[in-house]
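For the sequence shown, the working numbering assigns the number 60 to the initial residue and increments by one for each residue that follows.
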Amino acid sequence: MPEGPSLVMFKEDTVRFIGKKVLEATGNSKIDMDRIAGQKIIDIKTWGKHFLICFKDFTLRVHFLMFGVYYINERKDKQLRLSLRFKDDEWNFYTTAVKWIEEPLDEIYDWSADVMSDSWDAAKARNKLKAAPDMLVCDALLDQQIFSGVGNIIKNEVLYRIKVHPLSTIGALPPKKLSELIKEARVYTFEFLEWKRQYVLRKHWLANAQKTCKRCNLPFHKDYLGAGKRRTFYCENCQILYK
Ligand SMILES: [Zn+2]
60 MPEGPSLVMF KEDTVRFIGK KVLEATGNSK IDMDRIAGQK IIDIKTWGKH FLICFKDFTL
120 RVHFLMFGVY YINERKDKQL RLSLRFKDDE WNFYTTAVKW IEEPLDEIYD WSADVMSDSW
180 DAAKARNKLK AAPDMLVCDA LLDQQIFSGV GNIIKNEVLY RIKVHPLSTI GALPPKKLSE
240 LIKEARVYTF EFLEWKRQYV LRKHWLANAQ KTCKRCNLPF HKDYLGAGKR RTFYCENCQI
300 LYK
C-alpha cells in the first residue's frame with residue numbers, strides 16, 4: 060500500500076521528465092485525455108498520496124488511494140487506469156483515481172499538512188488535533204488533512220513507538236504524548252523513506268504485521284479499528300489506553 064514516502068520516491072524517479080512533452084494519454088480513466096497530448100510537464104509535486112503532474116494551465120492529479128501502483132516503462136496484466144507516453148518512455152498507473160485540477164495548487168493544498176513537506180507545521184497539526192478531542196488516535200494519524208502522507212503501516216509503527224493504544228482519544232492524551240505523536244509521525248515517515256530506499260523497510264517493522272511485542276514478549280493484538288476499520292497491530296500491555 061502506498062504511503063507518502065512511496066510517492067516521494069516516485070517523484071525522484073520522474074523529475075527527469077520535467078520539461079518533456081507527453082505525446083499521448085490512454086487508459087480507462089474517464090477524464091478528457093486529449094487535452095494532455097503535446098503538453099509539457101512543467102513541475103511534479105506530491106501531497107501525501109496525491110501525485111501532481113503540473114502543466115502550464117492545469118494539473119493532473121493521480122490519487123493512489125489504498126492500492127495504487129505505478130510503473131515506468133513496464134506494464135502489468137491488469138486494467139490500465141492511465142498511461143502517459145513520452146518519446147522514449149511511458150508511465151503506467153493502476154488502481155488510482157485520476158482527475159484534472161484547474162485551480163492554482165496553492166488554493167487547494169495545505170502544504171503545511173504534508174508530513175514530508177519542508178512546509179510541515181507541527182503547531183498547526185496540534186491545533187487541528189485539539190479541535191477534535193473525541194477522535195481516536197488511530198483515525199487521527201490517518202486523517203490526511205492533519206497528517207497527509209501517513210498511511211496504515213506508519214500509523215501502527217508510530218503508536219507502538221510512543222506506547223499509545225490505538226483506541227485512545229486525542230483529548231485524553233497528556234500534552235507530552237500529543238507532542239510525541241506529532242513529532243514521530245514525521246520522524247518515522249522519513250525513516251520509512253530511508254528504509255524503503257534501501258529495501259529494508261519490513262525488517263524494521265516492530266508492530267506492523269508482527270506477532271509478538273519485543274518489549275513485553277507477549278502476543279500482539281490484531282484488530283480492524285477506527286472509522287475506516289483499518290488493520291491495526293498493538294500490544295495491550297505496553298501501549299497505554301488514554302480515555
Ligand atoms: Zn508490549
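Built from N, CA and C at the ideal position, the CB exists for glycine as well.
- In the three-state reduction of the DSSP assignment, R140 falls in the coil class, being assigned neither a helical nor a strand state.
- Here R261 is exposed. Its C-beta has fewer than 16 other C-beta atoms within 10 Å.
- Around ligand 1, the residues whose beta-carbon falls short of 5 Å from at least one of its heavy atoms are C272, R274, C275, C294, N296, C297, given in chain order.
- Of all C-beta pairs linking the stretch 185-201 to the stretch 279-294, three or more are shorter than 8 Å, placing the two stretches in contact.
- Beta-bridge analysis with DSSP links T291 to D282.
- Note that the C-beta distance between V128 and L141 is not below 8 Å.
- Counting along the chain, no alpha helix (DSSP H) covers N276, and no H or E run does either.
- Non-local C-beta neighbours of E295 in its own chain, meaning closer than 7 Å and more than five positions away in sequence, comprise H280, ordered along the chain.
- In chain order, K108, T154, T155, A156 place their CB closer than 8 Å to the CB of L124, counting only its own chain and leaving out the 5 sequence neighbours on each side.
- Residue pairing for R120: DSSP places it in a beta bridge opposite L111, K158.
- Here DSSP, grouped into helix, strand and coil, assigns L232 to coil.
- Distances from the alpha-carbon of E161 to those of I90, T228, D173 put I90 closest.
- By the beta-carbon neighbour count (other beta carbons within 10 angstroms, threshold 16), E62 is buried.
- Look at W170 here: in three-state DSSP terms it is helix.
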